[in-house]
Amino acid sequence: MVKKRFVLLGIIILIMTITYTVYAQLDQFGNLRLGNEYIEIVVNGNEENMGRFAIDITGGNPVSPGDDGEPLIYGRPRPWTSYSTIFIDGEYYVFGGKTEQRAGRDAKYGEVTVPPKIIKEGGQSAILTTTVFDQIEVEQILTFAKSSTTGLYDTVLIKYRFTNHDQIKHKIGLRIMLDTMLGTNDGAPFRVGEKAITTDTYFIKGSLPDFWQAFDALSDPKVTAQGTIKGPDVTTPDKVYFADWGSMADGLWNFQFEPGEEFWRKGEYELDSAIALYWAPEYLDPGDSRTYTTKYGLGGITIVPGLLSVGVTSPAEVIFDTKTTSFPVIAYIENTSEIVAKDVTAQIQLPAGFAVVGNETVKNLGNLKPGSTGQVAWEVVPVKGSKIPERIVYKVKVDASNTDDNQVQRQVNFTPPPRFKTWLEYPENLSVRYGRIEPNPFNLLLHLKNEGGSPAYEVMGQVILPPGMDFAQKEKMSKYIGVLKPGEEYVIPWMIKTSDLISGKLPFGVEVRSLNSPKISLIGNVTIPELTSQVFMVPLKEEIKTGEYFGIRFMAANIEDMHEVSIRLAYDPEVAKAMYVSRGTLFVLKKESLKTKLLPWINPNINHKQGLITIMGNLAEQTEKSGVLAEVYFKALQPGLLTITFDEVKISNVNGDIIPLKVENLEIEIQE
3 MVKKRFVLLG IIILIMTITY TVYAQLDQFG NLRLGNEYIE IVVNGNEENM
53 GRFAIDITGG NPVSPGDDGE PLIYGRPRPW TSYSTIFIDG EYYVFGGKTE
103 QRAGRDAKYG EVTVPPKIIK EGGQSAILTT TVFDQIEVEQ ILTFAKSSTT
153 GLYDTVLIKY RFTNHDQIKH KIGLRIMLDT MLGTNDGAPF RVGEKAITTD
203 TYFIKGSLPD FWQAFDALSD PKVTAQGTIK GPDVTTPDKV YFADWGSMAD
253 GLWNFQFEPG EEFWRKGEYE LDSAIALYWA PEYLDPGDSR TYTTKYGLGG
303 ITIVPGLLSV GVTSPAEVIF DTKTTSFPVI AYIENTSEIV AKDVTAQIQL
353 PAGFAVVGNE TVKNLGNLKP GSTGQVAWEV VPVKGSKIPE RIVYKVKVDA
403 SNTDDNQVQR QVNFTPPPRF KTWLEYPENL SVRYGRIEPN PFNLLLHLKN
453 EGGSPAYEVM GQVILPPGMD FAQKEKMSKY IGVLKPGEEY VIPWMIKTSD
503 LISGKLPFGV EVRSLNSPKI SLIGNVTIPE LTSQVFMVPL KEEIKTGEYF
553 GIRFMAANIE DMHEVSIRLA YDPEVAKAMY VSRGTLFVLK KESLKTKLLP
603 WINPNINHKQ GLITIMGNLA EQTEKSGVLA EVYFKALQPG LLTITFDEVK
653 ISNVNGDIIP LKVENLEIEI QE
């Protein structure tokens, strides 16, 4: 695989944010680019390989100009070598557009419904691509995030959100394969804890590190790459594989894995490393969503040069909570001298209140050959009962029996975890108006406020409804808001509809979830009134003046099995004059062919002298149980109170039995 540099052309859009400047650009190769002063996301926008992405360095490490313009994921001129596999019910699909190249050539694909475009996700600019696999929608969202070790927005948050639009559950899983690069160096070791990995290796969930790093030389690192596997803003995978790119490109899920084999590209003779992260298949319920996230970008190492160059890395910020009870410290030691450094040791020195797991503060590296690099790791925990400070500074000292010693120090900041204040807002008691439940649908609001000291990531709200309640059309059960920063408030709305068939107090549940805070469950209750069979009147205008014409709509609501209809209306003929009566929509039968049929309707009789109106008809073919029986139009003769009453109402069923009804009359004030 030849990896070349290309000059980019296109229109650049600058997007200003609070902490850094972001630009969006469509280049001459059809790629959509989103960049900042540190790194750049490159997403293939062409029909072939659509949605596949790469990562380039722009300014990179502010104190190291050597990484400017270098790639972190191969993708020039158009990304194609990295791809993600979607597992659905035992079948393997590749996300995005089809390919004619090696990586995923013979795979199954879905339909790209949203080509790469710029969106806002969690208040930040991101590139969204959406692919649909039958009833499973998968969104790929790429945006910037802070590196856990640099504290800068020099890392890409890689996110896949699955939504099940089906009526049944489906088993879904994910593999993300990244064709990693280190500038022009494709053979640098992956450094994981105390291991420097140069051969096929895998880790399962219980042994996964917080992050891995890769660099060419500690004494003069051109590029320091880092993948974050565990942390507050990522979803820990079930397993991670390090292997050659060719094998991973050929295998959509399973691939040829040979423990101990170097990263020679399968079928060729070139070092070409890659990494695959797996999230094991799990069932996704109807209407539910699930998000997987990981991070890849630049890493931070505090380095002090010397005959024994020493560098240490650890999270720049640690949030102790129920999931995170410790943090890693990793020290790299490079022998830059021309002699073998003998009996090399590394010792960590911690401030009061902190200790290392196992109490082994001194690590032995043995002898280090000239130019070689060793590494050691500690897991640091707070001493039980001690108060967590805002920050600490620790030191790592390196000694050898035959050369100068060296030491380095690094700061770690501590932040309280996120903490939600939550409450629900909704109408606890619904009412009946004009024969219908109101409001229906009703508005359910989930109020969230982060009263903690750190952001909550991948915050979502989910509503669980009982029989008798459902979501309004196009409403979603689960809603994501992304990141909720300390002090921020957010309101998640849902429109909930109720059934006409169920009444009483109905409970419902609301859950609040995020990657780095405990699940919160809220319970609400809505009282739904019972609907009765009734007839009533609705004026077609609110204000009526003398001399004006106005209409009254005569309604039936919640009446099962209507057949014969006979209604006599009474009104004051001195206040208003009945002009004419038109049939209501219940006497018009709508057919599937979009044609209509007029049901039997006897011309109404208006007795102007007595103020009586008689309406009769037959609804034997009508299946609707609510609707308009008739519309009567009047002329207002003089100011005063006009009372219109149901003088007699007889609606019978198929057996000729009169249906008992609630009757609501109407009073209208006619103004001068």
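Numbering (the numbering used here), first residue to last: 3 to 674. Note that beta-carbon positions come from the ideal geometry of N, C-alpha and C, so glycine has one too. What you are looking at is a predicted structure, and each value in this text was computed from that prediction instead of being measured.
Per DSSP, the unbroken beta strand (DSSP E) holding Trp603 starts and ends at Trp603 to Asn609. From the listed residues Thr203, Ala190 and Ile57, the smallest Cα separation to Phe146 is found for Ile57. If one requires a minimum length of 3 residues, the beta strand (DSSP E) runs lying completely within the stretch 543–629 are 551–559, 566–572, 578–585, 590–592, 598–600, 603–609 and 614–620, in chain order. Of all C-beta pairs linking the stretch 248–258 to the stretch 125–137, fewer than three are shorter than 8 Å, placing the two stretches out of contact. The three-state reading of DSSP puts Pro67 in helix, counting H, G and I together.
Each of Val114, Asp246, Val634 and Glu270 was checked against the Cα of Gly262, and the nearest Cα belongs to Asp246. DSSP lists no beta-bridge partner residue for Asp181. The continuous alpha helix (DSSP H) containing Asp252 extends over residues Trp247 to Asp252. In the three-state DSSP reduction, Lys207 falls in the helix class (H, G or I).
The three-state reading of DSSP puts Asn33 in strand, counting E and B together.
Here the alpha carbons of Ile90 and Val140 stand approximately 11 Å from one another. A check of alpha carbon separations from Pro391 across Asn408, Pro418 and Val485 identifies Pro418 as the nearest. Using a 10 angstroms sphere on the CB of Thr645, the tally of other CB atoms stays under 16, which defines it as exposed. Per DSSP, the unbroken beta strand (DSSP E) holding Glu141 starts and ends at Ile138 to Ala147.
Counting along the chain, His449 sits inside the beta strand (DSSP E) bounded by residues Phe444 to Asn452.
Burial of Ala638 is indicated by the presence of at least 16 other C-beta atoms within 10 angstroms of its C-beta. Between Gly61 and Leu279, the alpha-carbon positions lie close to 27 Å from each other. Here Asp108 is exposed: its Cβ has fewer than 16 other Cβ atoms, across all protein chains shown, within 10 Å.
Assignment of Asn46 by DSSP, reduced to helix, strand and coil, places it in the strand class. Counting along the chain, the unbroken beta strand (DSSP E) around Thr293 starts and ends at Ser291 to Leu300. Straight through space, the alpha carbons of Thr201 and Ala190 are spaced by roughly 11 Å.
Secondary-structure assignment with DSSP links Leu279 through a beta bridge to Ile178 and Val242. Taking all protein chains in view, the Cβ of Arg193 is crowded by 16 or more other Cβ atoms within 10 Å, so the residue is classified as buried.
Shown here for Val378: same chain residues with a beta carbon closer than 7 Å to its own, the five before and five after excluded, namely Glu196, Ala333, Ala348, Lys365 and Leu367 in chain order. One alpha carbon belongs to Leu370, the other to Val385, and they sit about 34 Å apart. Ranked by how close their Cα comes to the Cα of Ile41, the residues Lys148, Asp29 and Ser654 have Lys148 in first place. By the 16-neighbour rule on beta-carbons within 10 angstroms, Gly308 is buried. When beta bridges are read from the DSSP output, Asn166 appears opposite Ile138. Taking a cut-off of 8 Å on C-beta distances, the stretch 95–111 does not touch the stretch 59–76, as fewer than three cross pairs fall below it. Across the set Tyr111, Trp380 and Leu180, the C-alpha of Tyr111 shows the shortest separation from the C-alpha of Ile138. Across the structure, Ile498 and Lys476 are spaced so that their CA atoms are roughly 11 Å apart. For Phe422, the enclosing beta strand (DSSP E) starts and ends at Phe422 to Glu427.
Relative to the Cα of Asn607, the nearest Cα in the group Lys597, Ala632, Lys593 and Ala622 belongs to Ala632. The DSSP-derived three-state label of Gly658 is coil.
Annotation: the continuous beta strand (DSSP E) that includes Arg438 extends over Arg438 to Glu440. Annotation for Thr101: no beta strand (DSSP E) segment contains it, and DSSP assigns it neither H nor E.
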